[in-house]
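Numbering (this note's numbering), first residue to last: 13 to 368.
Even glycine gets a Cβ: it sits at the ideal position worked out from N, Cα and C.
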């Protein structure tokens, strides 16, 4: 079920992109030859209306739109023969539709209930045999204070613990409705990948449902933040702020695996916020990636429109078509490489209980 759901939602993201191109092309009076669900070979012609074939295809992932005269300006009424403004709008419509879908998904996520901080320290994980485990601390416990000092942030407990290594400390713990005290001694030399107490802690949260206006505001804010974050990553990497070892692209296999993980978490917990947020992020990321000025992408085609406006004449369409073809082949090669790494070194989904 999670795998099927992930494939469906990922396909919707691609279909939304293609539908944006389709819609603007139709509005501009450009003939759309085919709008396909999935990728060829064709299984079934669903309908044919106003000169457009609507088809169902064999590869059940995403879809495509085939517009008349995409590259050849000599084709009367085709895409490439249109004025610069029309071509630009049709090219921008795909990413715009993904952004719109992303905003809708973010809005649904915040209305379904998002994690709001309680400013309390929550135990996420307890290492077996650690001082915390021996003292009786359990995952899900809330640590209210340490040696009488109230706690609001995980860093406060971490700082206090480092200052009292090898000394007995007393924790005031809340488990359900019960409050009680535990004593333990933080280890000066813990085992690898463990802290002095042997616990993973995070900020305790509660689910808060946003109203529609609040959710829209939060979703627009999230969209802007994602756009700015993705734009800043290359510059941060060049400046050494983000280690290159922590950066890697994700292909369809990796995205599907992450979507499955998110769907599994949501199905298990009955909380759809993680899955909806991930899918919203995926749509916004897809929009921004397609706007990159790389031949074969919408941004690459827009770059040629800009060059045409600057030069006062368009680049020879045969040369432009060749550039886009080479760019597309390079993108396919990169996709194969990324898919190889997705399969051999898979990414795992974020544990949202730990993240928040």
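Alpha-carbon spacing of residue 366 relative to residue 66, whole angstroms: As a first step, residue 366 is located in the chain shown; it is residue number 354 there, counting from the start. As a first step, residue 66 is located in the chain shown; it is residue number 54 there, counting from the start. Reliability of the predicted coordinates at residue 366 is poor, the pLDDT of 36 falling under 50, and no value is obtained from them.
For residue 58, three-class secondary structure by DSSP: In the chain shown, counting from the first residue as 1, residue 58 sits at position 46. The answer is strand: DSSP assigns residue 58 an E or B state.
Buried versus exposed call for residue 91 [16 or more other C-beta atoms within 10 Å across all chains shown]: Here residue 91 is taken as the residue at index 79 of the chain shown, counted from 1. Buried, since its Cβ has 16 or more Cβ neighbours within 10 Å.
8 Å contact criterion, which residue 316 and residue 332 should meet: CB distance rounded: Residue 316 sits at position 304 when you count from the first residue of the chain shown. Residue 332 sits at position 320 when you count from the first residue of the chain shown. About 5 Å separates the two Cβ atoms, so the contact holds.
Beta strand (DSSP E) runs wholly inside the stretch 172-227, at least 3 long, in chain order: 181-187, 190-196, 211-220
Per-residue burial, residue 94 [other beta carbons within 10 Å of its own, 16 or more giving buried]: Mapped onto the chain shown, residue 94 falls at position 82. Residue 94 is buried by the Cβ-count criterion.
Under the three-state DSSP convention, the category residue 107 falls into: Sequence index remark: in the chain shown, residue 107 carries index 95 (1-based). Note: residue 107 maps to helix in three-state DSSP.
Per DSSP, cross-strand counterpart(s) of residue 68: Taking the chain shown and counting its residues from 1, one reaches residue 68 at position 56. Note: residue 68 sits in a beta bridge opposite 49, 56.
Backbone CA spacing between residue 176 and residue 188 [nearest angstrom]: One-based indexing of the chain shown puts residue 176 at position 164. One-based indexing of the chain shown puts residue 188 at position 176. Going by the C-alpha atoms only, they are around 28 Å apart.
Inter-stretch contact (C-beta, 8 Å, three-pair minimum) for the stretch 121-140 and the stretch 67-86: no
Rounded straight-line distance, which links the Cα of residue 237 to that of residue 103: Position 91 of the chain shown, counted from the first residue, corresponds to residue 103. Position 225 of the chain shown, counted from the first residue, corresponds to residue 237. When the Cα atoms are used, residue 103 and residue 237 turn out to be separated by approximately 23 Å.
Segments of 3+ residues assigned as beta strand (DSSP E) that fall wholly inside the stretch 295-364: Taken in chain order, the whole beta strand (DSSP E) runs of length 3 or more contained in the stretch 295-364 number zero.
Same chain, Cβ closer than 6 Å to residue 56, five either side skipped, listed in chain order: In the chain shown, residue 56 corresponds to position 44, counting from 1. Within the same chain, residue 56 has close Cβ partners 68.
Touching by the beta-carbon criterion (3+ pairs, under 8 Å), the stretch 112-126 and the stretch 216-235: Cβ pair count under 8 Å is three or more, so yes.
Backbone secondary structure at residue 21 - three-state DSSP: Numbered from 1 along the chain shown, position 9 holds the residue referred to as residue 21. Looking at residue 21 - three-state DSSP - the assignment turns out to be helix.
Endpoints, the beta strand (DSSP E) within which residue 146 is located: The residue you call residue 146 lines up with position 134 of the chain shown. Run containing residue 146: none in the beta strand (DSSP E); it sits in the alpha helix (DSSP H), 143-147.
Sub-8 Å separation of residue 133 and residue 169 beta-carbons: In the chain shown, the residue the question calls residue 133 occupies position 121. In the chain shown, the residue the question calls residue 169 occupies position 157. Contact: yes.
For residue 77 and residue 47, the rounded distance between their alpha carbons: Your numbering for residue 47 matches position 35 in the chain shown. Your numbering for residue 77 matches position 65 in the chain shown. One C-alpha to the other measures close to 5 Å.
Between the CA atoms of residue 127 and residue 218 - distance to the nearest angstrom: Position 206 of the chain shown, counted from the first residue, corresponds to residue 218. Position 115 of the chain shown, counted from the first residue, corresponds to residue 127. Distance between the alpha carbons of residue 218 and residue 127 is about 5 Å.
Inter-residue Cα distance where the pair is residue 327 and residue 277: Counting from 1 along the chain shown, the entry for residue 327 is found at position 315. Counting from 1 along the chain shown, the entry for residue 277 is found at position 265. Spanning the two alpha carbons is a distance of roughly 50 Å.
Beta-carbon contacts of residue 52 that lie in its chain and below 6 Å, excluding the five residues immediately before and after: Counting from one through the chain shown, the residue named residue 52 turns up at place 40. Around residue 52: 69.
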